[in-house]
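Reviewing the structure listed below.
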Amino acid sequence: LIGAISTGLAGKISFVGSGSEDTRFIISGDLNDFALNFDGGGGTNIVDFSGFNAYSIEISADQLTSVDRLIGGPDASDEFVGSSLNAGNFTVTGETSATYREGESKTIEIEGFSNLVGSIFDDTFVIDAGVGTTFDGELLGSDGDDRFEFVSGSVNGISGQENATNAGDVIDYSAINED
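All letters in the sequence shown, in the order written, are residues 2 to 180 by this note's numbering.
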């Protein structure tokens, strides 16, 4: 979708891809005040906000069906939020990249999102080897008893912040010193 949408068209916009072909939704223009939903259909499907610079993006796993890859915009505060239906597993793989898994049925490769937010359930955030100080965003567990795991080689922490504020949240550095 390229260009502006009339501001008089408030509400929800749903984008649906082909049943069997790969779909790439390229979003640029002003979509402020719209709830966007994407269903890629079959194939390998991408939602791409890289040309979208009107404001920061906040999108949740609930808005993405059959989407394999999500690309954020140029705003440093873009935010991806886990599902409101199930716990999610986030594996932080780079400065603004991660893999999100929800159960066995949903896996989304995320890039360009510096803020990753969990659900009301018990989410897991794994900071992958080599990420360490390159991640410069926020990992927010939200509600639930969340787990933040720093794997071997992920250095001691991140340059952004992990937000484990609930009484049952755990920050696990034990694997860092296993080498």
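Note that the Cβ used here is the ideal one computed from N, Cα and C, for glycine as well.
- Bridge partners of Glu-59 according to DSSP: Glu-80.
- At the C-beta level, Thr-97 and Phe-114 come within 8 Å of one another.
- Around Ala-77, the same chain offers Ser-115 as residues with beta carbons nearer than 7 Å, after the five sequence neighbours per side are excluded.
- Phe-114 has no beta-bridge partner at all, per DSSP.
- As the crow flies, the alpha-carbon of Asp-144 is around 6 Å from that of Phe-122.
- Fewer than three beta-carbon pairs drawn from the segment 84–104 and the segment 47–58 are found closer than 8 Å, and the two stretches are therefore not classed as touching.
- In the DSSP assignment, Asn-38 forms a beta bridge with Ser-15.
- In this structure, Gly-41 places its C-beta atom within 8 Å of the C-beta atom of Ser-67.
- With respect to the C-alpha of Ala-99, the residue from Ser-84, Glu-105, Ile-72 and Ser-15 having the closest C-alpha is Ile-72.
- If the five residues before and after Phe-16 are omitted, its C-beta is found closer than 6 Å to the C-beta atoms of Phe-26 and Phe-39, all from its own chain and listed in chain order.
- About 6 Å separates the beta carbons of Ile-111 and Phe-81, which is inside the 8 Å limit, making them a contact pair.
- The beta carbons of Ser-106 and Gly-74 sit about 27 Å from each other, so the pair does not count as a contact at 8 Å.
- For the 8 Å CB-CB criterion, Asp-129 and Val-152 form a contact.
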